[in-house]
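Structure, as structure tokens:
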Amino acid sequence: MKLKIKRSFKNKNYVLNETIISPSEISFYLYEPKYLFYEIKVNVGDLVLVGQVIAIKKNKNYTINVLSSVSGRVIFVDTLRTNPIIKIINDQEFMEYTTITPSFLPKTKDELVNIIQNFGIIGLGGGGFPTSIKINRSNVIKKLVINCVECEPYLISDKFLFTKELTKIFACFVLLKQILNIEKVIIAIKKTSSDLIKSIKTYLDNNLSYKDFICLYITKDFYPAGYEINLVNKISKLKLLTTDIPVDHDHLVINLSTAYAIYLATYEKKPLNYRYVLVSDMNKRQELYKVIIGTTYFELLKEFDLTNKLIISGGPMMGNRIDNLNHTTTILTSAVFVTKKIKSEENVCIKCATCIKNCPVKISPYHINKHAKYQNIKALEKENAYLCCGCGICSYVCPSSIDLTHNISLVKRRKVKTR
Ligand code: SF4
Ligand code: SF4
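To convert, take the position in the sequence shown, counting from 1, and add 5; that gives the working numbering.
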């Protein structure tokens, strides 16, 4: 079942704030439960440059480079805790680290993967999975799907970036097509993004040779229209299951901002050290800022009245609640919502099955929630609890205000810890 969200975002509602948010101190809170540990590559007093590796995230399957977003001096490194912190005084010079990668454009898959890995490029749609691993997983990639759907309400960061950097992003598509021998590049976008669709069509009309291999796939306006399995199934009339990985079926799906990060790394030898972040009160005020990665929420939101407000980082459906304003934006931050605290008491489940009917991955939030309470691992596995994509729909539709998504995410997190 598709969920029509009433607050469908109208593209023209936001205001671009020209101020670049680049505070004098930048912090990296290295927290992600799926990583076993971080290797810290800097010490207090070190001078670092934009794009320099300051830490490496490591789990048993892969590593991800964490790059500095600014140039300046490291003033604090806390490695004692499980989630280390690095703080850097931002000299506002943005001097770049130049030896990270060769100066020529990659020609082979190995060279491309190497650059993507060096620049720590990950899925910027929220998944955060290393793009190099995704690309390396299969020798045959027939279709490249660029996911620019941003199906959660209000989100605009990818669409804005695409409009702004259209030519560069197209250059990335062409490079990926050539190196990976891709037959078709499909740009998936929501039908409400009419201005951007028009710009893409005009660009293709002016570059007729691209039309042979680049096309648009326009989705309806529903949530989660951008869920990649559904997207691939719709585009190629496949029947992939939620357990399937599109790249194993010749489809490489990458987010629009990830494509831009690949452009920067390959053509300009630069890391993506900022994100366009929408700050929204989910009502009248929608401002889009260019924010240097590692900016505290305090800095980002200092012009907003936060009294009795709830702060959500990410989309309103899948975002995380921010309780500490000293925490910082990351490379995955594309939106922050400042909303009224709504007091909705959790009630008992009325067994209406609305959550089950609406789950896009066809698992049963009702049963999973029940088994999670009693930590019934076998039953949780039987219910495929770990397939949950965290879309937030079950919590959104539950008439008893049960935060099923949160309860299910705790189950998933526990499983990761016990691996
Ligand atoms: S959060 Fe998980 S369980 Fe809930 S609807 Fe989305 S995929 Fe289904
Ligand atoms: S939607 Fe809420 S009330 Fe209905 S079955 Fe699911 S958990 Fe129970």
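Positions of the beta carbon are idealized from the N, C-alpha and C atoms, including for glycine.
Item to complete: Buried or exposed for R326, please, with buried defined as at least 16 other CB atoms from any protein chain shown within 10 angstroms of its CB.
Response: Start at 1 with the first residue of the sequence shown, and residue 326 comes out as number 321. By the neighbour-count rule (16 or more Cβ atoms within 10 Å), R326 is not buried but exposed.
Worksheet item: Going straight from the alpha carbon of M322 to that of P111, what length do you get?
Response: What you label residue 322 is simply residue 317 of the sequence shown in a count that begins at 1. What you label residue 111 is simply residue 106 of the sequence shown in a count that begins at 1. Near 38 angstroms, if we compare the C-alpha coordinates of P111 and M322.
Worksheet item: When DSSP builds the beta bridges, which residues end up paired with T301?
Response: Counting from 1 along the sequence shown, the entry for residue 301 is found at position 296. Per DSSP, the beta-bridge partners of T301 are T333.
Item to complete: Check each candidate in V343, F81, N374 and name the one with the smallest Cα separation from K356.
Response: Within the sequence shown, residue 356 is the residue found at index 351, counting from 1. Answer by Cα proximity: N374.
Worksheet item: Straight-line CA distance for K92 to I316?
Response: As a first step, residue 92 must be located in the sequence shown, where it is residue number 87. As a first step, residue 316 must be located in the sequence shown, where it is residue number 311. When rounded, the distance between both Cα atoms is 23 angstroms.
Worksheet item: For A176, which residues from the same chain have a beta carbon less than 8 angstroms from its beta carbon, with the 5 sequence-adjacent residues on both sides left out?
Response: Within the sequence shown, residue 176 is the residue found at index 171, counting from 1. Counting only Cβ-Cβ distances below 8 angstroms, and skipping sequence neighbours, we find Y268, Y272.
Worksheet item: What are the uninterrupted segments assigned as alpha helix (DSSP H) that are 4 or more residues long and contained completely in the region 160-219, given in chain order?
Response: Listed in chain order, they are 162-169, 171-185, 199-211.
Worksheet item: Using the beta carbon as the reference atom, which residues fall closer than 5 angstroms to any heavy atom of ligand 1, ordered along the chain?
Response: Of all residues, those with a beta-carbon under 5 angstroms from at least one heavy atom of ligand 1 are C364, V366, P370, C393, C394, C396, I398, C399, T410, reported in chain order.
Practice prompt. Evaluate contact between the region 135-149 and the region 247-256, counting only Cβ atoms and requiring at least three cross-stretch pairs below 8 angstroms.
Written response: In the pairwise beta carbon analysis, the region 135-149 is classified as touching the region 247-256: at least three pairs are separated by under 8 angstroms.
Discussion item. Does N186 pass the burial test, meaning 16 or more other C-beta atoms within 10 Å, or should it be called exposed?
Written reply: Position 181 of the sequence shown, counting from 1, holds the residue named residue 186. When all chains shown are included, N186 counts as exposed.
Practice prompt. Report the rounded CA-to-CA distance for K189 versus F303, giving the unit in angstroms.
Written response: The residue given as residue 189 occupies position 184 in the sequence shown. The residue given as residue 303 occupies position 298 in the sequence shown. Rounded to the nearest angstrom, the two C-alpha atoms are 44 angstroms apart.
Discussion item. Suppose contacts are defined by Cβ-Cβ distances below 8 angstroms. Is K173 in contact with Y265 by that definition?
Written reply: Taking the first residue of the sequence shown as position 1, residue 173 is located at position 168. Taking the first residue of the sequence shown as position 1, residue 265 is located at position 260. The answer is yes: Cβ separation under 8 angstroms.
Fill in: Cβ contact (3+ pairs, closer than 8 angstroms) linking the region 24-39 and the region 287-306
In the pairwise beta carbon analysis, the region 24-39 is classified as touching the region 287-306: at least three pairs are separated by under 8 angstroms.
Fill in: Top-ranked residue by Cα proximity to P276, from K46, K62, V75
Taking the sequence shown and counting its residues from 1, the one referred to as residue 276 is at position 271. Residue V75 is the option with its Cα nearest to P276.
Item to complete: Return yes when the C-beta of V416 is under 7 angstroms from any heavy atom of ligand 2, and no when it is not.
Response: Position 411 of the sequence shown, counted from the first residue, corresponds to residue 416. For ligand 2, not one heavy atom lies less than 7 angstroms from the Cβ of V416.
Fill in: Rounded Cβ spacing between A377 and V416 (contact assumed at less than 8 angstroms)
Taking the first residue of the sequence shown as 1, we reach residue 377 at position 372. Taking the first residue of the sequence shown as 1, we reach residue 416 at position 411. Taking C-beta atoms under 8 angstroms as the contact rule, A377 and V416 qualify, at a distance of about 5 angstroms.
Item to complete: Flag this pair as touching only if the region 389-402 and the region 365-374 have three or more C-beta atom pairs under 8 angstroms; answer yes or no.
Response: Contact holds: three or more Cβ-Cβ distances are below 8 angstroms.
Worksheet item: Can T224 be considered in contact with ligand 2, in the sense that its beta carbon sits closer than 7 angstroms to one or more heavy atoms?
Response: To locate residue 224, count along the sequence shown from 1; it is residue 219. Checking the Cβ of T224 against ligand 2 gives no.
Practice prompt. For K345, verify whether its CB is less than 7 angstroms away from any heavy atom of ligand 2.
Written response: Indexing the sequence shown from 1 puts residue 345 at position 340. No, ligand 2 has no heavy atom inside 7 angstroms of this Cβ.
Discussion item. Within a Cβ cutoff of 7 angstroms, which residues of the same chain sit near L129, ignoring the five residues on either side of it in sequence?
Written reply: One-based indexing of the sequence shown puts residue 129 at position 124. Counting only Cβ-Cβ distances below 7 angstroms, and skipping sequence neighbours, we find N260, S262, T263, A266, I336, L337.
Worksheet item: Mind checking whether the beta-carbon of V402 lies closer than 7 angstroms to any heavy atom of ligand 2?
Response: Numbered from its first residue, the sequence shown carries residue 402 at position 397. Remark: the shortest separation between the CB of V402 and any heavy atom of ligand 2 falls under 7 angstroms.
Worksheet item: ligand 2 heavy atoms versus the CB of I355: any closer than 7 angstroms?
Response: As a working mapping, residue 355 is identified with position 350 in the sequence shown. Result yes, Cβ under 7 angstroms from ligand 2.
Worksheet item: Going by DSSP, what residues sit across from Y294 in a beta bridge?
Response: Here residue 294 refers to the residue found at position 289 when the sequence shown is read from its first residue. Bridge pairing for Y294: V282 [DSSP].
Worksheet item: Is A358 near ligand 2, judged by its Cβ being under 7 angstroms from some heavy atom?
Response: Position 353 of the sequence shown, counted from the start, is the residue given in the question as residue 358. Yes.
Worksheet item: Buried or exposed: which applies to T195, given that a residue is buried once 16 or more other Cβ atoms fall within 10 Å of its Cβ?
Response: Here residue 195 is taken as the residue at index 190 of the sequence shown, counted from 1. This sequence places Lys at residue 195; Thr is not what is there. Buried, because 16 or more other Cβ atoms sit within 10 Å of the Cβ of K195.
Worksheet item: If we count the other Cβ atoms within 10 Å of its Cβ and call it buried at 16 or more, is Q97 buried or exposed?
Response: On the sequence shown, residue 97 is found 92 positions in, with the first residue counted as 1. When all chains shown are included, Q97 counts as exposed.
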